[in-house]
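The next block holds one structure in the form of C-alpha cells; read it before the comments.
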Amino acid sequence: MAHTPELSPSQPSGSLHRMTAPALQPTETGTGTRQTQLLARMLLTPAVALLFIWMIVPLALTIYFSLLRYNLLDSESAQFVGFENFRYFLTDPAFLASLQNTLVLVGSVLGLTILLGIPLALLLDQPVIGRNIVRLMVIAPFFVMPTVSALIWKNLLMHPVSGLFAWIAKLFGAPPIDWFNDIPLFAIILIVSWQWLPFATLILLTALQSLDEEQKEAAEMDGAGALSTFIYITLPHLARPITVVILIETIFLLTVFAEIFVTTGGGPGLQTTNIAFLIYSQALIQYDVGGASAGGLVAVVIANIVAFFLVRIVGRNLEA
Amino acid sequence: MARIATSRHVAVSTVAAWLVGFLIFFPILWMVLASFKTELDAFAIPPKFLFFHWTTENYAAVQERSDYVHHALNSIIVAGGSTLIALLIAIPAAWSMAFSPTKRTKDVLLWMLSTKMMPPVGVLVPIYLIYRDFGLLDTLTGLVFILCLGNLPIVIWMLFTYFKEIPKDILEAARMDGATIGRELVYVLTPMAVPGLASTLLLNFILAWNEAFWTLNLSTLEAAPLTVFIASYSSPEGLFWAKLSAASTLAIAPILVLGWFSQRQLVRGLTFGAVK
Numbered sequence: 104m105a106h107t108p109e110l111s112p113s114q115p116s117g118s119l120h121r122m123t124a125p126a127l128q129p130t131e132t133g134t135g136t137r138q139t140q141l142l143a144r145m146l147l148t149p150a151v152a153l154l155f156i157w158m159i160v161p162l163a164l165t166i167y168f169s170l171l172r173y174n175l176l177d178s179e180s181a182q183f184v185g186f187e188n189f190r191y192f193l194t195d196p197a198f199l200a201s202l203q204n205t206l207v208l209v210g211s212v213l214g215l216t217i218l219l220g221i222p223l224a225l226l227l228d229q230p231v232i233g234r235n236i237v238r239l240m241v242i243a244p245f246f247v248m249p250t251v252s253a254l255i256w257k258n259l260l261m262h263p264v265s266g267l268f269a270w271i272a273k274l275f276g277a278p279p280i281d282w283f284n285d286i287p288l289f290a291i292i293l294i295v296s297w298q299w300l301p302f303a304t305l306i307l308l309t310a311l312q313s314l315d316e317e318q319k320e321a322a323e324m325d326g327a328g329a330l331s332t333f334i335y336i337t338l339p340h341l342a343r344p345i346t347v348v349i350l351i352e353t354i355f356l357l358t359v360f361a362e363i364f365v366t367t368g369g370g371p372g373l374q375t376t377n378i379a380f381l382i383y384s385q386a387l388i389q390y391d392v393g394g395a396s397a398g399g400l401v402a403v404v405i406a407n408i409v410a411f412f413l414v415r416i417v418g419r420n421l422e423a
Numbered sequence: 002m003a004r005i006a007t008s009r010h011v012a013v014s015t016v017a018a019w020l021v022g023f024l025i026f027f028p029i030l031w032m033v034l035a036s037f038k039t040e041l042d043a044f045a046i047p048p049k050f051l052f053f054h055w056t057t058e059n060y061a062a063v064q065e066r067s068d069y070v071h072h073a074l075n076s077i078i079v080a081g082g083s084t085l086i087a088l089l090i091a092i093p094a095a096w097s098m099a100f101s102p103t104k105r106t107k108d109v110l111l112w113m114l115s116t117k118m119m120p121p122v123g124v125l126v127p128i129y130l131i132y133r134d135f136g137l138l139d140t141l142t143g144l145v146f147i148l149c150l151g152n153l154p155i156v157i158w159m160l161f162t163y164f165k166e167i168p169k170d171i172l173e174a175a176r177m178d179g180a181t182i183g184r185e186l187v188y189v190l191t192p193m194a195v196p197g198l199a200s201t202l203l204l205n206f207i208l209a210w211n212e213a214f215w216t217l218n219l220s221t222l223e224a225a226p227l228t229v230f231i232a233s234y235s236s237p238e239g240l241f242w243a244k245l246s247a248a249s250t251l252a253i254a255p256i257l258v259l260g261w262f263s264q265r266q267l268v269r270g271l272t273f274g275a276v277k
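Just so you know, the protein sequences line up as chains A and B, in that order.
Numbered by the numbering used here, the letters in the first sequence go through residues 104 to 423 in order.
Numbered by the numbering used here, the letters in the second sequence go through residues 2 to 277 in order.
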C-alpha cells in the first residue's frame, strides 16, 4: 500500500493555511483556522462525551456495587461491606477454577489458531487454482454467529450417539467420545478455535502478501533453502501481525460467553466456567450483585493488562 | 518478479488448499445439508450425505412454530439501527480528527480504542440494573443503544483510517476555489469517502448481527434477535436438529454473503489499521 507523503509526518492543519496565505487576506486565514478548529472540536464532542459516559458511569457503578452486599431479589437489604466481596470472590474456589479455565481457553485457542494459521496462510499464499473460492471457504466460520456455531458443533458433529464424529470414530473401531462430558473444555476450545482460525489466517495472509518478493528471491539465489528462508525472512516479517493477532484475540477470548452459555452452561461442575460465565451466573442466576461486581472489576483489570500492550502497538503504528 | 511456479507445485498446493478449505467449511455445509433433511434423516447413523429425501419442510416449520421473521426483523433493526446511529456520531468525529488534528488527537484516538477493550462482563451488573429500572430490558431501543456504544470506537477508527487517506491537496484546491466547508463536505469529501463508509457500515453491521453477549443477557423474547432465537434451541436437545439447521442457515446466510464482500476491509477494520 503506497503511503502518500501527507500521511507520514501529520501536518497540523495550520501549516496548510500558512502555505496558502499569500493568496488570502491574513484576517480571513486567521478566522478561517479558528472557525475550522472550533467546528472540529464541536464535531468531536458528541462522540467523546458518549464514550466518556459509557466508560465512566457503568465502571463507577460497578465499583460502588462491589462494595455492597446486595441481593437482586431483596434490593432493600443493600449494605456497605467494604472489600468483603473481593475477599470472597478471590478466595472462592470457583474463582480459581474459572481463572484457570479462562487461561487454558485463551492460551489453547491462541496456540491452535496461530500454529494452524501460519501454515494455512503460507498455503493460501501459494499459486492455487481457484484461490478466491478457497479463501471464501476458509473465512466463512468467522461470520457465523457464536450461538449457531456452538449448537451446530454440539449437535451435528460432537453428539456422542448421532454426531458425525461419533460415526467416524466407529469407522475406525474406536469408542465415540462424549465430548461435553469427558473433555468439555477441550470441546469448547475446538469450537472457539474454529471460529477464530479464519481471523488469524486472514491477517497473516495479508501480511505475507506485503512481504517483498525480491528479498525472498535474493535469499534463494544465495542458496537459502525453503526452511531457512521461512525462519530468517518470513517469520520475522510475521512477528508483528502475530503479536496483533494474539492481542486482539485475547481481548475477545477473555470474554467468551455464548459458546459456553448454549453448550455446557459452565458445567459439568465448574469444568467449563470461565470468568465471564462465572460473573454472569453470580449476577443473573444467584442474584449476587456485589459479588458479581467484584468479579467484573477483576475481569476489567485482567483485560486492561492486555489492552495496555495492544494500545501501545497500535499507537506506534499511528506515527509510522 | 514472481517466481515461475512449476505445474507440479501448483497441482500440489491446489489440492492441499482445497482440501483444507473444504474441511474448514465443512461444518457449515453439513448444517445446510441437515436443514434439507427430515428430522429422522438428520440424525441417522450412518449419516446420509447427499442421498436422502430432500425437503424444505423445516424452513416452513421454523416460521410456523417460532415466528422466525419476527426475530429476523429484530436482528435487522438492532444491527442496522446501531450501525447507522454509530455512523452519524462517528463521521463528524473522524472527519474532525483526520482533517483538523491537534496535539491531542492521537491520545483521543487511543483512549477511544481503549474503551473497546473493557470486557462487557465487567459492566454487566450496572447495565442490567439500569436497564431494569428504566424498563429497557427486552426492548429494541435498549439493544440498539448498547450495541451502538459498543461498536462506536471501531466505527470511528475505521472511518479515521479511511479519511486519513484522502489527499489534503484536493481539499486545499477546493478551498482555494472558494468552496465553503459545507460544499467541501458534500461535493469533495463525501464522494471520496463512500468506499470507506460502505465497508465500515458493512463490517459493523456484521459485528452487531453476530453480537451474542448483550443480546443474550438483555433480551428474552420481544426484542430477541436471531442470536437469542437460535440459543433457545439449546434446551430440547437432539429433537429438532433439522429445524435448528434450517433456522441457523437462515440466520447466517445473509451475513455470510455480506461478509464475503467485506473480507478485504475486515483485516484493516479489526486490527485498527495495525495490519494492512
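All C-beta atoms in this analysis are idealised placements derived from N, C-alpha and C, irrespective of residue type, glycine included.
Since we're looking at a predicted model, the values are computed, not measured.
Short check: CB of B:V126 to CB of A:F302, under 7 Å?
no
Review point. Hey, does A:L259 have any beta-carbon neighbour from chain B nearer than 7 Å?
Key: yes
Considering only their Cβ atoms, is the gap separating B:P226 from B:S76 smaller than 7 Å?
yes
Original post:
When the distance is taken between beta carbons, is B:P121 closer than 7 Å to A:A406?
Top reply: no
Exercise for the section: Flag B:G270 as yes if its beta-carbon sits less than 7 Å from any beta-carbon of chain A, otherwise no. Expected result: no
| query | Is the Cβ of A:S396 closer than 7 Å to any Cβ of chain B? | reply | yes
Rounded distance between the beta-carbons of B:V276 and A:I472, thought under 8 Å:
Because residue 472 of chain A is not part of the residues shown, which for chain A are 104 to 423, the question remains open.
Quick one: what's got a C-beta closer than 8 Å to B:T15's C-beta in the same chain, skipping five residues either side?
-> none
Practice prompt. Give a yes or no on whether 7 Å exceeds the smallest Cβ distance from B:L257 to chain A.
Written response: yes
Taking the alpha carbon of A:S313 as the reference point, which residue from A:L142, A:H340, A:L373, A:V403 has its own alpha carbon closest? A:H340
Handout entry: Sufficient close CB pairs (3 or more, under 8 Å) joining the segment 13-28 of chain B to the segment 210-218 of chain B
Key = no
Taking Cβ positions, are A:V403 and B:G151 nearer each other than 7 Å? no
| query | How would you write the range of the beta strand (DSSP E) that B:Y69 sits in, first residue to last? | reply | Per DSSP, B:Y69 belongs to no beta strand (DSSP E); it is in the alpha helix (DSSP H), 69-100.
Cutoff 7 Å; reference B:A62; Cβ partners in own chain excluding five residues on either side: K244
Terminal residues of the beta strand (DSSP E) in which A:L293 lies = Taken as a continuous stretch (DSSP letters only), A:L293 belongs to no beta strand (DSSP E), being part of the alpha helix (DSSP H) at 287-312.
Exercise for review: Specify the secondary structure class of A:D325 as computed by DSSP and reduced to three states.
Suggested key: coil
**Request:** Kindly indicate if chain A contains any beta-carbon less than 7 Å away from that of B:L144.
**Result:** no
Practice prompt. Report the rounded CA-to-CA distance for A:P129 versus B:P102, giving the unit in angstroms.
Written response: Note that A:P129 scores a pLDDT of 38, beneath 50, so its modelled location is shaky and nothing firm can be said.
> So, B:T84 versus B:A209, is the Cβ gap smaller than 7 Å?
Replying inline: yes
Any beta-carbon of chain A closer than 7 Å to the one on B:T162?
-> no
**Report entry** Assigned secondary structure, A:Y173 (DSSP; H/G/I helix, E/B strand, else coil)
**Finding:** strand
For B:F26, which residues in chain A fall below 7 Å Cβ to Cβ? M240, A243
Worksheet item: A:E179 by DSSP, collapsed to three states: which one?
Response: strand
Problem set entry | Beta bridge counterpart(s) of A:D391 as assigned by DSSP | A:N174
C-beta neighbour in chain B for A:I408, strict 7 Å
no
> Quick one, are the C-beta atoms of A:T309 and B:V268 less than 7 Å apart?
Replying inline: yes
Exercise. Is there a Cβ from chain B that is less than 7 Å from the Cβ of A:V268?
Worked result: In the sequence as presented, Val is not what sits at residue 268 of chain A; that position holds Phe. A:F268 does not count as touching chain B.
The alpha helix (DSSP H) that contains B:P196, what's its start and end? 191-211
Restricting to Cα atoms, I'd like to know which of A:Y383, A:A327, A:R415 is closest to B:Y129. A:Y383
- Give a yes or no on whether the C-beta atoms belonging to B:A91 and B:L160 are separated by under 7 Å. yes
Counting only Cβ pairs nearer than 9 Å, list the residues of chain A close to B:T228. M248, P249, T250, V251, A361
Legend entry - For A:H262, three-class secondary structure by DSSP: coil
Closest residue to B:V258 among A:Y191, A:D285, A:P244 (Cα-Cα distance):
A:P244
- Message: Could you tell me which whole alpha helix (DSSP H) segments of length 4 or greater appear in the segment 16-74 of chain B?
- Response: 40-43, 58-67
- Could you spell out where the alpha helix (DSSP H) holding A:L338 opens and where it closes? 338-356
With H, G and I counted as helix, E and B as strand and the rest as coil, what does DSSP make of B:M113? helix
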